[in-house]
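Novice: Shown below is the structure under consideration.
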Amino acid sequence: MERKIITTKDGSHTVQWPEWKVTYHSTHGAIQESAHIFIQAGLHYILQQNPSQPVYIFEMGFGTGLNAFLTAIEAQKAKINIHYTTVELYPLSLDEIAALNYPELLNGDANLFQQLHQSKWNEAVTISDNFTLEKIDANLFDYTTNQLFNVIYYDAFDPSTQPELWTQAVFEKLYTMLSNNGILVTYSSKSAIRRAMQAAGFVVTKLPGPPGKREIVRAASA
Numbered sequence: 015m016e017r018k019i020i021t022t023k024d025g026s027h028t029v030q031w032p033e034w035k036v037t038y039h040s041t042h043g044a045i046q047e048s049a050h051i052f053i054q055a056g057l058h059y060i061l062q063q064n065p066s067q068p069v070y071i072f073e074m075g076f077g078t079g080l081n082a083f084l085t086a087i088e089a090q091k092a093k094i095n096i097h098y099t100t101v102e103l104y105p106l107s108l109d110e111i112a113a114l115n116y117p118e119l120l121n122g123d124a125n126l127f128q129q130l131h132q133s134k135w136n137e138a139v140t141i142s143d144n145f146t147l148e149k150i151d152a153n154l155f156d157y158t159t160n161q162l163f164n165v166i167y168y169d170a171f172d173p174s175t176q177p178e179l180w181t182q183a184v185f186e187k188l189y190t191m192l193s194n195n196g197i198l199v200t201y202s203s204k205s206a207i208r209r210a211m212q213a214a215g216f217v218v219t220k221l222p223g224p225p226g227k228r229e230i231v232r233a234a235s236a
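Below is the structure:
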């Protein structure tokens, strides 16, 4: 399917799949959405609980690399070691990556952003002193690991586009991937999604969402 780069309301880019009529991030603002959900509600929450421990993060869908980029920047700021694993079946092309304006808007390291995208697949790569990235060329159903994660960034396409990724069975699998007191953060707060999470064992909390989104979810393992 053909993709295109579009500009969201905070000036940052995202990728749109016209055929599916979906975007990788909120059209109200890609950067502000990712920072609000995954960094503030996810990473910062875990760092408050365990401020000096290494953090293991799993992301469903590497996409534009924005979530990983924001996380790598936070790792450098906080001097915290972060091990970041992500699965992705449809990586962006070099032209698409070059068109994204995240380093410019975040005053971030453009080389760091390029490293995230250019690092080898299916092996752990040291990106910086504080950040290790492992990109897996697989879908969530085929992915297996013995690693336990502190945080899961659940950034799959929305339930109406990919309902198979929002079932109780999927959340049961994700639950087993979390360490004690681990959390999953996601943008979807639909009641059916929350019920599926709760049936899988999660303790679900609704939180205020970013602009354009009333609520988000943080789900904790028992």
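Those letters in the sequence shown? Residues 15 to 236, per the working numbering, in order.
Note that beta-carbon positions come from the ideal geometry of N, C-alpha and C, so glycine has one too.
Inspect the beta-carbon positions of leucine 120 and serine 133 and report whether they are closer than 7 Å.
Specialist: Not closer than 7 Å, so no.
Novice: I'd like the list of long-range same chain contacts for asparagine 115, defined as Cβ closer than 6 Å, with 5 residues on each side in sequence excluded.
Specialist: Excluding residues within five positions, the ones whose Cβ falls inside 6 Å are His27.
Novice: Tell me whether the beta-carbon of serine 235 lies closer than 7 Å to the beta-carbon of lysine 220.
Specialist: Going by C-beta atoms, serine 235 is not nearer than 7 Å to lysine 220.
Novice: With 16 as the cutoff for other CB atoms within 10 Å, does glutamate 47 come out buried or exposed?
Specialist: Glutamate 47 should be labelled buried.
Novice: Taking only runs that begin and end inside the segment 48-91, name each unbroken beta strand (DSSP E) of 3 or more residues, in chain order.
Specialist: Qualifying beta strand (DSSP E) stretches, in chain order: 69-74.
Novice: Could you pull out every unbroken beta strand (DSSP E) segment of at least 3 residues lying fully inside the segment 80-145, listed in chain order?
Specialist: Here the runs fully enclosed are 96-101, 138-142.
Novice: Looking at the unbroken alpha helix (DSSP H) that takes in serine 193, where does it start and where does it end?
Specialist: Serine 193 -> not in any alpha helix (DSSP H); beta strand (DSSP E) instead, spanning 192-200.
Novice: How long is the line joining the alpha carbons of alanine 55 and leucine 108, rounded to whole angstroms?
Specialist: Approximately 31 Å between the Cα atoms of the pair.
Novice: Give me the Cβ distance between phenylalanine 52 and phenylalanine 83, rounded to the nearest whole Å; I'm assuming they're in contact under 8 Å.
Specialist: So it is not a contact: roughly 11 Å between Cβ atoms.
Novice: Please give the ranges of any alpha helix (DSSP H) in the segment 161-194, keeping only runs that are unbroken, at least 4 residues long and fully inside the region.
Specialist: DSSP runs (the alpha helix (DSSP H)) wholly in the segment 161-194: 182-190.
Novice: Which same chain residues end up closer than 6 Å to glycine 226 when comparing Cβ atoms and leaving out the 5 residues on each side of it in sequence?
Specialist: The answer, listed in chain order, is Ser40, His42.
Novice: Between leucine 106 and threonine 200, what straight-line distance do the alpha-carbon atoms span, to the nearest angstrom?
Specialist: Distance between the alpha carbons of leucine 106 and threonine 200: 22 Å.
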